[in-house]
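Undergrad:
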Amino acid sequence: MGIFDLMNRREHEQVVFCSDPAVGLKAIIAIHNTTLGPALGGTRMWAYDSEEEALQDVLRLSRGMTYKAAAAGLNLGGGKAVIIGDPKTMKTETLFRSFGRFVEGLGGRYITAEDVGTSVKDMEWVRYETNYVTGIDEALGGGGDPSPVTALGTFYGIKAAAKKRWGNENLAGKTVAIQGVGHVGYYLAKDLHEAGANLIVTDIDENRVKRVVDEFSAKAVGKDEIYEADAEIFAPCALGGIINNDTIPKFKFEIIAGAANNQLKNEEVHGEVLRKQDILYAPDYVINAGGLINVANEIEGYHRERALTQAKGIYDILLKVFDIAEEQGTPTYQASNHLAEQRIKKVGHLKEIYTRQWQQHPCVQ
Ligand code: NAD
842 MGIFDLMNRR
852 EHEQVVFCSD
862 PAVGLKAIIA
872 IHNTTLGPAL
882 GGTRMWAYDS
892 EEEALQDVLR
902 LSRGMTYKAA
912 AAGLNLGGGK
922 AVIIGDPKTM
932 KTETLFRSFG
942 RFVEGLGGRY
952 ITAEDVGTSV
962 KDMEWVRYET
972 NYVTGIDEAL
982 GGGGDPSPVT
992 ALGTFYGIKA
1002 AAKKRWGNEN
1012 LAGKTVAIQG
1022 VGHVGYYLAK
1032 DLHEAGANLI
1042 VTDIDENRVK
1052 RVVDEFSAKA
1062 VGKDEIYEAD
1072 AEIFAPCALG
1082 GIINNDTIPK
1092 FKFEIIAGAA
1102 NNQLKNEEVH
1112 GEVLRKQDIL
1122 YAPDYVINAG
1132 GLINVANEIE
1142 GYHRERALTQ
1152 AKGIYDILLK
1162 VFDIAEEQGT
1172 PTYQASNHLA
1182 EQRIKKVGHL
1192 KEIYTRQWQQ
1202 HPCVQ
């Protein structure tokens, strides 16, 4: 399939190929949709097997960012960048500065941030060349580690799911199974423990497990036992694809609400299976939007309290998603897509009206 066909298939606005052989830079920036605002999305550095694979990835990820920003109520569009190369061996100041110049060349249509394979330090190099970068260190006016904000948004998302499921958001006495107690999982465990929930946890890193067992009286289980844990709520905070044909039959959970990306192995298939089994699923990109909210706040001048308040707003957004799903009889992931699409459509329509009115204004005729 040709590049324009690929772009048209998912309605991408712009794809930019960036090449600077002198510094070894091969990058692709994809801008999916800027109806709501500039396209924001991180820069992933990965040793892709082919350029085709890198292109497919950046097109998929940038579209996902459009939905995530729209559902979170942010005035941002969706974009993403990929740098083709091994992040362990190929990172240099000149490579990231060169990439920064390409970002600057887009004049603010695309704003970058760190992602898989890139770090806050890399973004500081990018920042030498452009201001269109977020996710930078607190010392430079950035928001620092987004994980506590993501965890807080996830915690409020779990409360919203409890409210929908049991008519009461109180988590005291409920049991939550957390898969992965890393950056987000640790802070989520803390919030849940303080709310009086019982915790069952797993992680492949024993030290991380020990920390939450010691600090929050969590019960540790093996990495495959987590799927059959005796818990009302499952919070995946490690890997994607963990809701699948092998794991679903083991679930005793009534709610699945966690921060991990791409939890449904196959959206259409497993989203529908969860619906039919009456397991309430909080769509991942909605409940884990705290990280995006955190970096989006940097654009207007970072303010921690504002970011935390906005992350708590995930509660209301999820209640809306659950209601749409109920009204339309659809899986919740479809309901969140619907919410995002409707917002983009309405704002796009407003823009069309303004443009038309402006074109008819006497001073431009
Ligand atoms: P992290 O790497 O700090 O934590 C992930 C944890 O999962 C690690 O402790 C790791 O050892 C553990 N893990 C890996 N494989 C496992 C397995 N098979 N079973 C159990 N545990 C396993 O990452 P994080 O920043 O906490 O992010 C967690 C998830 O949330 C990821 O999917 C990430 O994409 C998503 N997310 C994170 C943020 C953020 O702000 N950090 C924002 C949005 C989404």
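Just so we're aligned: the sequence shown equals residues 842 to 1206 in my numbering. Glycine included, every Cβ here is placed at the ideal spot set by N, Cα and C. Here the structure is a predicted model, which is why all the values come from computation and not from measurement.
Following the continuous beta strand (DSSP E) through F1075, name the residue where it begins and the one where it ends.
TA: Unbroken beta strand (DSSP E) run through F1075: 1074 to 1077.
Undergrad: Looking at C-alpha atoms only, which residue of L915, S1177, R904, I1097 is the closest neighbour of R851?
TA: The residue with the shortest Cα to Cα distance from R851 is R904.
Undergrad: May I ask you to report which of helix, strand or coil DSSP gives A1070?
TA: Looking at A1070 - three-state DSSP - the assignment turns out to be coil, as it is neither helix nor strand.
Undergrad: Would you mind reading off the limits of the alpha helix (DSSP H) that contains T991?
TA: Element bounds for T991: 988 to 1007.
Undergrad: Residues bridged to L866 by DSSP?
TA: D861, per the DSSP bridge assignment.
Undergrad: Check M906 in the structure and name its three-state DSSP category.
TA: M906: helix per DSSP, three-state reduction.
Undergrad: What does DSSP give as the partner residues of T1207 in its beta bridges?
TA: Look at the range of the chain in this structure, 842 to 1206, and you will see that residue 1207 is not part of it.
Undergrad: To the nearest angstrom, how far is the alpha carbon of A1098 from that of D1065?
TA: The straight-line gap from Cα to Cα measures roughly 18 Å.
Undergrad: With DSSP collapsed to three states, give me the class of L1121.
TA: Strand at L1121.
Undergrad: Would you tell me roughly how many angstroms separate the C-alpha atoms of K1151 and V1062, rounded to the nearest one?
TA: Correcting the residue type first, residue 1151 is Gln in the shown sequence and not Lys. Cα to Cα, Q1151 sits roughly 34 Å from V1062.
Undergrad: When the Cα of I870 is compared with those of I1120, T1016, A880, which residue comes out closest?
TA: Nearest option by C-alpha distance: A880.
Undergrad: In chain order, which alpha helix (DSSP H) runs of at least 4 residues are fully inside the stretch 1088 to 1165?
TA: For the stretch 1088 to 1165, whole alpha helix (DSSP H) runs of length 4 or above, ordered along the chain, are 1108 to 1117, 1125 to 1128, 1131 to 1140, 1145 to 1153.
Undergrad: On a CA-only basis, which of K1051, T930, I1074, F996 is nearest K1015? Give me that one, please.
TA: Out of K1051, T930, I1074, F996, I1074 has the C-alpha closest to the C-alpha of K1015.
Undergrad: DSSP state of I1045, grouped into three classes?
TA: Coil.
Undergrad: So, is V1017 buried or exposed, given that buried needs 16 or more other C-beta atoms within 10 angstroms?
TA: Classification of V1017: buried, given that the 10 Å Cβ count is 16 or more.
Undergrad: Taking the alpha carbon of E1095 as the point to measure from, which residue in I999, D898, R942, C1078 has its own alpha carbon closest?
TA: Considering only alpha carbons, the answer is I999.
Undergrad: When you compare only the Cα positions, how much space is there between Y1068 and I1083?
TA: Roughly 9 Å separates the two Cα atoms.
Undergrad: Can you determine whether any heavy atom of the ligand NAD sits closer than 7 Å to the C-beta of I1275, and answer yes or no?
TA: This structure gives no information on residue 1275, because the portion of the chain shown stretches from 842 to 1206.
Undergrad: Going straight from the alpha carbon of L1033 to that of L866, what length do you get?
TA: Each residue's Cα considered, the two are about 44 Å apart.
Undergrad: Between F858, G914, I872, D1119, which has its C-alpha nearest I1158's C-alpha?
TA: Answer by Cα proximity: G914.
Undergrad: Flag this pair as yes or no: are the beta carbons of A1130 and K909 separated by less than 8 Å?
TA: Going by C-beta atoms, A1130 is nearer than 8 Å to K909.
Undergrad: When the Cα of K1051 is compared with those of Y1027, E1035, W887, A1070, which residue comes out closest?
TA: Comparing Cα positions, the closest option is Y1027.
Undergrad: Between G1154 and Y997, what straight-line distance do the alpha-carbon atoms span, to the nearest angstrom?
TA: Between G1154 and Y997, the C-alpha separation is close to 8 Å.
Undergrad: Secondary structure at Y969, three-state DSSP: helix, strand or coil?
TA: Here Y969 sits in coil by DSSP.
Undergrad: With a threshold of 8 Å on Cβ separation, who are the neighbours of E955 within its own chain once the five nearest residues in sequence on each side are excluded?
TA: If we look at E955 and ignore the five residues flanking it on each side, its Cβ neighbours are G883, T884, V961, D963, M964, G976.
Undergrad: Are the stretch 967 to 976 and the stretch 936 to 954 touching by the rule of at least three beta carbon pairs closer than 8 Å?
TA: These segments touch.
Undergrad: Are I1134 and A1148 close, meaning C-beta to C-beta below 8 Å?
TA: Yes, these two residues count as a Cβ contact at 8 Å.
Undergrad: Please check the pair A1003 and V1025, which I expect to be a contact at CB under 8 Å, by giving their CB distance rounded to whole angstroms.
TA: Not a contact, Cβ separation roughly 19 Å.
Undergrad: Could you give the DSSP three-state label for I977: helix, strand or coil?
TA: Looking at I977 - three-state DSSP - the assignment turns out to be coil, as it is neither helix nor strand.
Undergrad: Kindly indicate the opening and closing residues of the alpha helix (DSSP H) around T935.
TA: Where T935 is concerned, the enclosing alpha helix (DSSP H) stretches over 934 to 946.
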